[in-house]
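Participant: Heads up, the sequence shown is in my numbering, so the first residue is 1439 and it goes up one at a time. Every residue gets a Cβ at the ideal spot worked out from N, C-alpha and C, and that includes glycine. From a predicted model like this one, the values you see are computed outputs, not experimental measurements. Quick one: the structure is below, and I'll ask about it shortly.
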Amino acid sequence: MKLNIKNKTAEYPIIQGGMGVGISLGILSGAVAREGAMGTISMVNIGYREDDFYTNALEANIRGFKTEFALGRKIAKGKGLIGVNIMVAANQYEELVKEAVKEKVDYIISGAGLPLNLPKLVEDEEILISPIVSSLKALKLINKVWLKKYNRLPDFVVLEGSGAGGHLGFKKEEIEKGKSLEKLTREILKYLKAIKNQEGKDIPLFVAGSVYDGYDLKKYRELGATGIQIGTRFIGTYECDADIKYKEFIIASKEKDLTIIDSPAGLPGRIIRNNLLEKIKKSRIPSNRCINCLRTCDPKNTPFCISDALINSVKGNIDNGLIFAGSKLDKITEIVTVKSIIKEIIKEYSEK
Ligand SMILES: Cc1cc2nc3c(=O)[nH]c(=O)nc-3n(C[C@H](O)[C@H](O)[C@H](O)COP(=O)(O)O)c2cc1C
């Protein structure tokens, strides 16, 4: 099951999805990589713990990223891969991608918008680049632009279905009644097989969104995918970088507590209902320290500040936080180690 893409190798084709703000930083991504998988640091407002975050957000984010990436590499002890997730909707997108390139991350995954200029920012072809897509149409458009303008194709692709946690690349009505993830996977695989990459090989596909265990890994690999990306499950680990109260809230919550909101990122988002949601329904909660983090947000009219809300939650202020989560919440019942999750997935995958 070894993963080989260009000069990068990992024991297992399992990506821990990037989770911002601060949910997947150096400790979680390093622990995942140490087990032979792919640990992803989310770069969204990654400098939120720096003293100058509200006065000098870009420098704070760059400093925060360097610290977390170095920590991840140290924990990984040379095993697995460590990459970053950078949201296209972020105002500092280009600067953050360039910084990740300078630090020589193993890969860059980019979603929440179409990463049409990603190859221009990542000239070092040893760094793998991957878009996150939720439809064949989006992938075709990205490939068309990347080939025409930069003569490059994705090194791998993440397909994120509507069951995922966080922002979703679907309209609200599609989330309930859209195509199944299996059907989407087949569609995308058929296309990827037909186009091949520039070396004549299939472009590896990773499937995400309520993809949870070794049986899922088996199912999608049998369809022809290379691997899976998992987000929410990794929040229930000792190594997850969020405050313990965040992890406990994830464990205490059930699938019936999930709902979909319109996020200031311009996309629907799956969250767990909480106090903040009730407050937003009653009145606007603007930020009094806006750092203009999202291209898509209109600070004068936004119903709430997503940056404040996500930073509250990662620090354990659950009542005033926004808690993103995927739809397999019922399965997460205790805090475990990253090692035990990877081990369990591989054991299930290997069952006859
Ligand atoms: C708390 C949380 C934060 C997330 N943050 C990001 C992010 O910053 N960028 C991104 O592209 N995806 C983000 N995601 C999506 C994950 O990377 C992953 O694709 C998704 O969680 C997969 O679905 P699952 O949670 O059902 O496993 C987030 C998900 C969660 C649960």
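Should residue 1522 be listed as close to ligand 1, given that the test is whether its C-beta is under 7 Å from any heavy atom?
Facilitator: False, no ligand heavy atom lies under 7 Å from that Cβ.
Participant: Give, in chain order, every unbroken run of the beta strand (DSSP E) that is at least 3 residues long and sits entirely within the segment 1510 to 1588.
Facilitator: DSSP runs (the beta strand (DSSP E)) wholly in the segment 1510 to 1588: 1519 to 1523, 1545 to 1548 and 1566 to 1571.
Participant: Going residue by residue through the segment 1588 to 1615, where are the continuous alpha helix (DSSP H) segments of at least 4 residues, counting only ones entirely within it?
Facilitator: With a minimum length of 4 residues, the continuous alpha helix (DSSP H) runs that stay inside the segment 1588 to 1615 are 1610 to 1615.
Participant: Could you give the C-beta distance for residue 1596 and residue 1565, rounded to a whole number, given that I count them as a contact under 8 Å?
Facilitator: Contact doesn't hold; Cβ gap of about 16 Å is too wide.
Participant: Residues in the same chain with beta-carbon distance under 7 Å from residue 1605, minus the five sequence neighbours each way, listed in chain order, please.
Facilitator: For residue 1605, where only same-chain residues beyond five positions count, the Cβ hits under 7 Å are 1550, 1701, 1703, 1705 and 1707.
Participant: Going by C-alpha to C-alpha distance, which of 1456, 1602, 1625 and 1743 sits closest to residue 1614?
Facilitator: It is 1602.
Participant: Taking the C-alpha atoms as reference points, what is the distance between residue 1692 and residue 1558?
Facilitator: Cα-Cα distance, rounded: 42 Å.
Participant: Residue 1477: which of 1571, 1578, 1449 and 1495 sits nearest, CA to CA?
Facilitator: Of 1571, 1578, 1449 and 1495, the residue nearest in Cα terms is 1449.
Participant: Quick one: measure Cβ to Cβ for residue 1759 and residue 1714, integer angstroms, because I've assumed they're closer than 8 Å.
Facilitator: Confirmed, about 6 Å.
Participant: Ordered along the chain, which non-local residues of its own chain (more than five positions away) have a Cβ less than 8 Å from that of residue 1444?
Facilitator: For residue 1444, where only same-chain residues beyond five positions count, the Cβ hits under 8 Å are 1563, 1564, 1566 and 1593.
Participant: Identify whether residue 1664 lies in helix, strand or coil by the three-state DSSP scheme.
Facilitator: DSSP places residue 1664 in coil when its eight states are reduced to three.
Participant: If you reduce the DSSP assignment to three classes, tell me which class residue 1708 lands in.
Facilitator: Looking at residue 1708 - three-state DSSP - the assignment turns out to be strand.
Participant: For ligand 1, any of its heavy atoms closer than 7 Å to the Cβ of residue 1503?
Facilitator: No, Cβ of residue 1503 sits at least 7 Å from all heavy atoms of ligand 1.
Participant: Can residue 1725 and residue 1746 be called in contact, C-beta distance under 8 Å?
Facilitator: Against a cut-off of 8 Å, the Cβ pair of residue 1746 and residue 1725 comes out as a contact.
Participant: On the three-state DSSP scale, how would you describe residue 1740?
Facilitator: Looking at residue 1740 - three-state DSSP - the assignment turns out to be coil, as it is neither helix nor strand.
Participant: Which residues bound the beta strand (DSSP E) around residue 1480?
Facilitator: It spans 1476 to 1480 - the beta strand (DSSP E) in which residue 1480 sits, taken as one unbroken run.
Participant: Using a threshold of 8 Å, state whether the C-beta atoms of residue 1547 and residue 1572 are closer than that.
Facilitator: Contact flag unset, no.
Participant: Excluding the 5 residues flanking residue 1484 on each side, which residues of the same chain have their C-beta closer than 6 Å to its C-beta?
Facilitator: Closer than 6 Å at Cβ, skipping near neighbours: 1499, 1502 and 1503.
Participant: Would DSSP call residue 1644 helix, strand or coil?
Facilitator: Strand.
Participant: Could you check whether the segment 1679 to 1690 touches the segment 1629 to 1646, counting it as contact only if at least three pairs of C-beta atoms, one from each stretch, sit closer than 8 Å?
Facilitator: Cβ pair count under 8 Å is below three, so no.
Participant: Based on DSSP bridge pairs, tell me the residues matched to residue 1723.
Facilitator: BP columns for residue 1723 point to 1742.
Participant: Straight-line CA distance for residue 1696 to residue 1762?
Facilitator: Distance between the alpha carbons of residue 1696 and residue 1762 is about 9 Å.
Participant: With which residues is residue 1448 paired in a DSSP beta bridge?
Facilitator: Bridge partners of residue 1448: 1441.
Participant: Taking only the alpha-carbon atoms, compute the straight-line gap between residue 1480 and residue 1649 and give it to the nearest angstrom.
Facilitator: So the two alpha carbons sit approximately 19 Å from each other.
Participant: Is residue 1560 close to ligand 1? I mean its beta-carbon at under 7 Å from any heavy atom of the ligand.
Facilitator: For ligand 1, not one heavy atom lies less than 7 Å from the Cβ of residue 1560.
Participant: By the 10 Å Cβ neighbour count, where 16 or more other Cβ atoms means buried, how is residue 1794 classified, buried or exposed?
Facilitator: The chain is shown from 1439 up to 1790; residue 1794 falls before or after that span and cannot be answered.
Participant: So, residue 1495 versus residue 1734, is the Cβ gap smaller than 8 Å?
Facilitator: No, these two residues do not count as a Cβ contact at 8 Å.
Participant: So, using beta-carbon positions, are residue 1580 and residue 1553 closer together than 8 Å?
Facilitator: Yes.
Participant: Going by the beta-carbon positions, is the gap between residue 1599 and residue 1647 smaller than 8 Å?
Facilitator: A contact, by the Cβ cut-off of 8 Å.
Participant: Can you tell me whether residue 1473 is buried or exposed? The criterion is at least 16 other CB atoms within 10 Å of its CB, across all chains shown.
Facilitator: Looking at its Cβ environment, which holds 16 or more other Cβ atoms inside 10 Å, residue 1473 is buried.
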